[in-house]
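In the numbering used here, each residue's number is its place in the sequence shown (first place is 1) plus 13.
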Amino acid sequence: MLRGNNIPKAEGKLGILLPGMGAVTTTFIAGVESVRKGLHTPVGSLTQLGTIRLGKRTEDKSPKINDFVSLAGLKDIVFGGWDIFEEDMYSAAKNSGVLKNEDLEPIKDFLSAIKPMKAVFDKNYIKNIEGSWVKEAESKYELGEALRQDIRDFKEKNDLDRIVIVWAASTEAYIKSGDVHASLDSFEKGLKESDPDIAPSMIYAWAALKEGVPFANGAPNLTTDIPALYELAEKEKVPISGKDFKTGQTFIKTIIAPGLKARLLGLHGWFSTNILGNRDGEVLDDPASFKTKEESKLSVLEYILQPDKHPELYKDFYHKVRINYYPPRGDDKEGWDSIDIFGWMGYPMQIKIDFLCRDSILAAPIVLDLALFMDLAKRAGMSGIQEWLSFYYKSPLTAPGLYPEHDLFIQQAKLKNTLRYMMEEEQITHLGIEYYENE
Ligand SMILES: NC(=O)c1ccc[n+]([C@@H]2O[C@H](COP(=O)([O-])OP(=O)(O)OC[C@H]3O[C@@H](n4cnc5c(N)ncnc54)[C@H](O)[C@@H]3O)[C@@H](O)[C@H]2O)c1
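Written out as structure tokens, the structure is:
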């Protein structure tokens, strides 16, 4: 890994390619363009608004993150992607119903000019939608080669220096890692034989890694989370990260649960339900896609609360997550949490959270940060799983044998300490004893 001034600067243009150009993608692109035009502030983006403390508290040194590390500037970003629907980003944004006309009209021409490339799609992995803007080829291997060609063409056409890919397509049906995913050899053989256990997202990821392009996975599908693609990422020296953007309910859960655990308050049960009416909700109405999402959402409490270490507090807590497709709400999700806790002498208490959130509004800055940080990681020569980006994910990828960190504030400390490490600055431990020692 390169550090400090040895990390090449983010010069030239960065392409951000997004498989899946629906609500999240259009909101992300529209937001970046609005910020470039000075119409909005990039609220929610650590790379744009965040600062990082360096040295002692008495030094009062907290530069902006994008002054501290070299990140691509917003003006240098070029957008593209793939979808199973042919509509351009203006029509797609209108259909997604996230942004108001008054926010779309000033950037209409820009959005209308961005059109998806034909997707790699497999009905077996996403049941509730069907599109016709889809590639056809003899085998999954050929589909992967076609995606590689798309990446190369996009780079050449736009005169780009670097590319990153962020998966923002629908959640695929739940599958487990199996024999075909066990090694790069078996995976590539599987591609040639069009093995049914190779999901479209894996074909995109394979194509990205073969092209040396970092791949971030915003959905809970396995995608790069298989030995074959870990192997390829290491072989090609490309960063990967995932899975599943941590936005609404899980974002709140990973703030509240560490607090309860820190104060050693017990938990009887945590019931989480969501109502949402966008296309994501429609896809998640299919039990196979919901299963993928459920796995991703359920695991966080177990890891944060560590019931094995605190059986008296957390042994048998009941955790339920529901997603209900409710069209009238569109992209405006409502996430309810009803939490039954107990305190001193076992006395019960309740916490109720009703988060009236906007999914894509929360996800868009995450897409931006991930794209810029993944590009930084690549320039710094970091390859394979980027655990320091766990901050952004519901199911962070970790090295085999390591449990993931879900606590949002541990994740934030990990991210910032990684940036300090990259730039050869001292780690901040928050010990602080030096301020009170007199000699
Ligand atoms: N919005 C959030 O807060 C949030 C949080 C975590 C994860 N996610 C995940 O992000 C993804 C995108 O969410 P969204 O709200 O934008 O959904 P969306 O349904 O609006 O957009 C997804 C798009 O992907 C397209 N698509 C499906 N399969 C494809 C394929 N194989 N190749 C290319 N395109 C394909 C669909 O046609 C659609 O346009 C979903 O998987 C969702 O679960 C979203």
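Even for Gly, the Cβ is constructed at its ideal location relative to N, Cα and C.
Just measuring C-alpha positions, the residue of SER312, SER408, GLY28, ALA105 sitting nearest VAL177 is GLY28. In this structure, PRO55 and THR64 do not form a Cβ contact; the two beta carbons are roughly 14 Å apart against a cut-off of 8 Å. By the Cβ neighbour-count rule, ARG433 is buried, with 16 or more other Cβ atoms within 10 Å of its own. The C-alpha of ALA412 lies about 13 Å from the C-alpha of ALA246. For HIS332, DSSP records a beta bridge to TRP283.
Per DSSP, the unbroken beta strand (DSSP E) holding GLU347 starts and ends at 345-355.
Taking a cut-off of 8 Å for Cβ pairs, the segment 331-349 and the segment 164-181 do not touch, as fewer than three such pairs fall below it. With contacts defined as CB atoms closer than 8 Å, PHE41 and VAL296 fail to qualify as a contacting pair. At a threshold of 7 Å, PHE368 does not count as near ligand 1, since its beta carbon sits no closer than that to any of the ligand's heavy atoms. With a beta-carbon spacing of about 6 Å, ILE127 and PHE92 fall inside the 8 Å limit used to define contacts. Secondary structure of MET130 (DSSP, three-state): strand. In this structure, GLU46 sits away from ILE97, with a CB-CB distance that is not shorter than 8 Å. For ASP238, the number of other beta carbons within 10 angstroms of its own is at least 16, and it is reported as buried.
Per DSSP, LYS365 is one residue of the beta strand (DSSP E) stretching across 361-371.
The beta carbons of GLY203 and ASN287 sit no closer together than 8 Å. In the three-state DSSP reduction, TYR338 falls in the strand class (E or B). The closest heavy atom of ligand 1 lies less than 7 Å from the beta carbon of THR184. Listed in chain order, the non-local C-beta contacts of GLY17 below 7 Å within the same chain comprise MET436, GLU437, local neighbours out to five positions each way being set aside. For TRP219, the enclosing alpha helix (DSSP H) stretches over residues 213-223. For the 8 Å CB-CB criterion, GLY33 and ALA221 do not form a contact. Assignment of GLY397 by DSSP, reduced to helix, strand and coil, places it in the strand class.
In the DSSP assignment, GLY255 forms a beta bridge with ASN230. Judged by their CB atoms, ASP101 and LEU124 are nearer to each other than the 8 Å cut-off. Counting only the Cα atoms, ASP166 lies some 46 Å from PRO271. Secondary structure within the segment 78-149: the beta strand (DSSP E) runs of 3 or more consecutive residues, fully enclosed, are 90-96 (chain order).
By the criterion of at least three beta-carbon pairs nearer than 8 Å, the segment 385-395 is not in contact with the segment 363-372.
Looking from the CA of PHE264, the closest CA among PRO300, LEU326, SER351, LEU375 belongs to LEU375. When C-beta atoms of the segment 191-203 are compared with those of the segment 352-363, fewer than three pairs fall below 8 Å, so the two segments do not count as touching. Under the three-state reduction of DSSP, THR60 is assigned to helix.
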